[in-house]
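Shown next, in structure tokens, is the structure this report addresses.
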Amino acid sequence: MASAAIPANQIPETTNYLTNGFSLKSWLLTTDHKRIAMLYLISITLFFFLGGFFAMLIRLELLTPQGDLMTADTYNKVFTAHGMIMVFFFLIPVVPAILGNFLIPIMIGAKDLAFPRINLLSWYLYVLGGILILHVMLTGGVDTGWTFYSPFSTQFTNTNIIEAGLAAFIAGFSSIFTGLNFIVTIHRMRAPGLTWNRLPLFVWANYATSIIMILGTPVVAITIVLVAVERLFHLGIFDPKLGGDPLLFQHLFWFYSHPAVYIMILPSMGVISELITCFSRKRVFGYKFVALSSIAIAVIGFLVWAHHMFVAGISLYAAMIFSFLTFFVGVPSAIKVFNWTATLYKGSIEYATPMLYAFGFIGLFTIGGLTGLFLATLGVDVHVTDTYFVVAHFHYVMVGGVLMGYLGGMHFWWPKISGRMYPEGWAKLSALFVFVGFNLTFFPQFILGYVGMPRRYWQYPPEFQVLNVLSTAGASVLAVGYLLPMIYFLWSLRYGELAPANPWNAAGLEWQTSSPPPTFNFDETPTVTWEAYNYEEIDSKPQEVPVGR
Amino acid sequence: MADSHATAVQDVAAANPELRHHFADMAQQKNAASLGMWLFLVTEIMFFGGMFCAYLVYRVAHFNAFAAGSQQLSIKLGAFNTAVLLISSLTVVLAVKAAESGNRKQLVTYLVLTVLLGLTFLGVKAIEYTEKFEKHHVPGSSFQFTDTFDDNGQHKPVNPHEAELFFSLYFAMTGMHALHMIIGCGLFSVLVVLAWKGRYTPQYFTPIENAGLYWHLVDIIWIYLFPLLYLISRHS
Amino acid sequence: MSKYLPLWPDQASTIAGQVDALYIYLLLVSAAMVFLIFTAVFVLAVKYRRQPGSQAHPIEGSSILEITWSVIPFGVMITFFLWGAILYFKERTPPADATEIYVVAKQWMWKIEHLEGQREINELHIPTGQNIKLVMTSQDVIHSFFVPAFRLKQDVLPGRYTTLWFKATQPGTYHLFCAEYCGTSHSGMIGNIVVMEPQDYAQWLSGGPQAPLPEAGKQLFASLGCSTCHRFDIQGRGPNLQGAYNKPVLLEDGRTVIADENYVRESILNPTAKIVNGFQPIMPTFQGLVSEEQLNALVAYIKSLSQPPTGAAAAGNQAAAPPAGQPQTTQVQ
């Protein structure tokens, strides 16, 4: 183990992106994509723990059937805050803004993204949106649920909808500019020889994500504007008494918010492709299929939004069409799961922490995705929609999927990002806490949903208590699983073993630079002559640095 | 080998002061900037698209009221504004051409003309909005609508709430469009100053092109707005 | 099931068993899929774990395998879709003979009106073995009428009627929940569905002093002045509503619509929206002048004008018989 690290007295003299300037100005006015990724890491992590804090409050209140921890209004504001923060300020940006920003230019052999200043602007927009949402929370919060359906949000609530909407609007533009940056970068700045078919699947995944970001986000932006305008001027855009239609709001809202969940999951799927290949030492099974599945998910994802509205009052025939299309979007996801599993066949598998997260992802995403099929099935959806079944489904894919992928990626690329190794023993333990805690938290919620507990309930009938207690117990285990990495990642910055350029002997251009990389990534733009995941070639060479930990 | 590469990079950089460090050459930079601008325009289309969608749904549901509201708009002013914008797109095209051929005076002239035409558009819009205000057609507490839908001589009564919906969308859509016009005028004003200072050469005039693309999009959006809002049921 | 750890809701409607059957099918297929993937990952991860001397064998892929494991799962998904769609079609097609009960949702309670005049708050008494159709609207925000034991829910919207039909099978008391977040007391907007044997229900019904809904509607029809224009004896300024309910109506713009409850409601609140062909647009609007309950009564009354005197609806639902030689002034196709 120690032989893979570099002894402290042999630290290379060259500066890297972290040591290239220590002033606050050099950070706050940076245009280096890696520094911007780190700025995002700090702000997104803060919001994650804030959202998690609200989750803790929810689970504590739900320990007992009565509403006894806080008032109903407070509870409504708490679950709204949890949803808004987790959706807009964590899940949407987490993998693209942190890992995508850091890795995409390096993975394609570029010195930076296409528009570094717009990249910095994206971060400032995120921060501005974040400040606004914090202010909203400090001045009484909003109580509409993150989905802010009209007419409740437009006419009945007295909370600060406009400011909250503005926060989401601004954060949305952060997202749009990130997506725009990624698309132009991937199209125009690939190193010579790096054809589309040689790209790492992480890049393909972020490309597909970026398409959704630029096409979908503006629609929720204009929806927020219409809601704000209706509140400000007492218009009737969504008010039936004034000729408006509350269902129009739902269509406009879900037109973005459904593709938004693919913005969340696709980059994590890209991470999984990187992890499985490295820790099986082989190319992914069916590279083209996996790459094109990402694009397919992005495209088909725009056609299914009204599956959130099967009992909302849409016509019978519209419901059937959307149900049918929803089954289509499950197919490319299934292809990916099968391809990742097939990659394990005849591999040489190492149980490093990132790989454990990848295994966890496959298991939990499979369950989450299958329960999505339950919801797509009209006859069942009528019963389980708006219950804890849906809550369980989306937490399986968002937490069991997106978050596991993110954590796996953070562990995998931590040596590259920080120049340090994390402590493997603690990391494996955390992964176990996360997996066990997660299932204990959310599996009982499937049962709760089918027996009829609706979502967003502050109080509930007594017979639902045992399942709720199980869920809260799981949440406390899960919380430990999330706190531990915070602690040991920070610890590693000072006490972790120094990392070599390629501690995993992984394929990919990012591993050809030092850990951490220099500011401009490469001294010379590489010319790529090899296929992605060329592990056969890599492993046939004699290794200077032994792998395996 | 590395040295000669480094020198080559330095030469390219020296010859092109506008070349940003992460691009290999000006061609790559210009390509990237263009693609970026086109993608941004796509997001603008999606943004306005939401409002067009709302408009479409409500016009089908409340046709009489929408037609009545539309008949209250000044078709003369709307048509004039359409002509103004079309001419301004022409001046933009001419500006790009001037930049391409290195004619600084012409470039500045056409940019200034574009701004003036844009301001004219906004001025006419202000007149229209004032008229709406005077007729109590601004949605909100002071809204009143007593007109009917003149369907070829037949006067059909209209639910004032539905008419208010028309005007809500009218103000939302033309207001958002006007906001984009203001941004465009601001953008072009900055370009006027930079062009005057000689910043743009035949080798580097990407900002003129990209700002031009933006202007053309805002123009096209108006080309859709005008018939949708002003020309409902105008056969009389 | 256990009172403390309910694992399955009660079945109390004819559709509940069918939903459960589909759910179990989905569960079995999903369990099989999960078992397959988990086993595959586990076995492969162990069998091909890194050992001294072990080497990975690169495999590019297999188009045949890709197509197989796309087509077969998709085929299975189609069975999910078809079964679900058929069930949904049944759920959303109320039988013609269903007894109507009106529901008005408001923050934060359910107000229920039986045709016979019984009113309930947060409780709905119904008999077993009878098709019931709820005609629902909201006074304020969107709510959702959810009965887990029936496996049914339907959003309740302001400004229009939505419907939900069922046939209860099992006497008992079952949860009624609001399932669309609606503000402070969303989780307090709960109640009971009380399913009774038909004879018990009949007894419960007869205990109420209120006038039957259509009767209340008839009184409103007179007191609000509707009868001035909508006459039954001679051609009035408005269409004759005798027998008009649920029939096609030709509008002056050429469209034909069905005069269902939403049409009647819209015609009262927004009369200029759909003018009947051959009539002048002179009807005033009653927006703000009638409550939801009054609207329900009017709709019930107009419905009753289409039912024969000895109709299937409960006693008290007697419509005035049209005089002989009545000119039909409503255009019917």
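Residue numbers (the numbering used here), protein chains in the order written: chain A, 1 to 549; chain B, 1001 to 1236; chain C, 2001 to 2333.
Here a beta-carbon is modelled for each residue, glycine too, at the ideal position from N, C-alpha and C.
Membership of Ile265 (chain A) in the alpha helix (DSSP H) is indicated by the continuous run 246-280. Within the segment 273-356 of chain A, the complete alpha helix (DSSP H) segments of 4 residues or longer fall at 287-300, 316-344, listed in chain order. Against chain A, the beta carbon of Trp2083 (chain C) has neighbours under 8 Å at Thr377, Gly379, listed in chain order. Using a 10 angstroms sphere on the CB of Ile2126 (chain C), the tally of other CB atoms reaches 16 or more, which defines it as buried. In the assembly as shown, Glu2066 (chain C) is a buried residue. Its beta-carbon has 16 or more other beta-carbons within 10 Å. Chain C places no beta carbon closer than 7 Å to that of Asn1152 (chain B), leaving this residue out of the contacts. Contact check for Arg283 (chain A) against Tyr533 (chain A) passes: the beta carbons are separated by less than 7 Å.
The shortest CA-to-CA distance from Pro96 (chain A) to any of A:Ile44, A:Ala55, A:Phe520 is the one to A:Ile44. Non-local beta-carbon contacts of Met107 (chain A) in its own chain, meaning distances under 7 Å to residues more than five positions away in sequence, involve Pro200, Phe202, Val203, Gly508, Leu509, Glu510 in chain order. Relative to the Cα of Leu2157 (chain C), the nearest Cα in the group C:Leu2164, C:Asp2200, C:Phe2150, C:His2143 belongs to C:His2143. Under the DSSP assignment, Phe1047 (chain B) falls in the alpha helix (DSSP H) whose first and last residues are 1026-1061. Residue-level contact by beta carbon holds for Met1046 (chain B) and chain A, with a gap shorter than 7 Å.
Going by DSSP, Pro1207 (chain B) is part of the alpha helix (DSSP H) stretching over 1206-1230. Interface criterion not met: the Cβ of Thr2079 (chain C) is under 7 Å from no Cβ in chain B. The beta carbon of Asn1159 (chain B) sits closer than 7 Å to some beta carbon of chain C. In the displayed model, Trp2110 (chain C) falls within a strand according to three-state DSSP.
Under a criterion of Cβ atoms nearer than 8 Å, the residues of chain C adjacent to Leu373 (chain A) are, in order, Leu2026, Ser2030, Met2077, Phe2080. Per DSSP, reduced to three states, the secondary structure at Lys2153 (chain C) is strand. For Arg35 (chain A), the enclosing alpha helix (DSSP H) covers residues 33-61. It is roughly 52 Å from the alpha-carbon of Leu235 (chain A) to the alpha-carbon of Thr519 (chain A).
Assignment of alpha helix (DSSP H) within the segment 2208-2259 of chain C, counting only whole runs of 4 or more residues, yields 2213-2223, 2226-2229 in chain order. For Lys111 (chain A), no CB of chain C lies under 7 Å from its own CB, so it is not counted at the interface with that chain. Shown here, Leu2005 (chain C) sits in coil according to DSSP, grouped into three states, outside any helix or strand.
Look at the beta carbons and you see the segment 1149-1166 of chain B touching the segment 1065-1083 of chain B: at least three pairs across the two are nearer than 8 Å.
Buried is the label assigned to His2175 (chain C), since at least 16 other Cβ atoms lie within 10 Å of its Cβ. Within 10 angstroms of the beta-carbon of Glu2116 (chain C) lie 16 or more other beta-carbons, which makes it buried.
Chain-ordered listing is empty here: chain A has no CB closer than 8 Å to the CB of Tyr2263 (chain C), the nearest sitting near 15 Å. Here Phe435 (chain A) is buried: its Cβ has 16 or more other Cβ atoms, across all protein chains shown, within 10 Å. Between Ile170 (chain A) and Leu125 (chain A), the C-beta gap is smaller than 7 Å, which places the two residues in contact. Secondary structure of Met1181 (chain B) (DSSP, three-state): helix.
Its Cα nearest to that of Ala427 (chain A), the residue A:Pro354 stands out among A:Pro354, A:Arg35, A:Ser471, A:Met137.
Using a Cβ-Cβ cut-off of 7 Å, Ser2013 (chain C) does not count as an interface residue toward chain A, since no Cβ of chain A sits closer than that to its own.
For the C-beta of Pro354 (chain A), not a single chain C residue is nearer than 7 Å; the gap to the nearest is close to 14 Å. Counting C-beta atoms within 10 angstroms of its own C-beta, Met269 (chain A) has 16 or more neighbours from the protein chains shown and is therefore classed as buried. For Arg2255 (chain C), the closest Cβ of chain A is not nearer than 7 Å.
A check of alpha carbon separations from Ala2098 (chain C) across C:Leu2289, C:Phe2279, C:Phe2166 identifies C:Phe2166 as the nearest.
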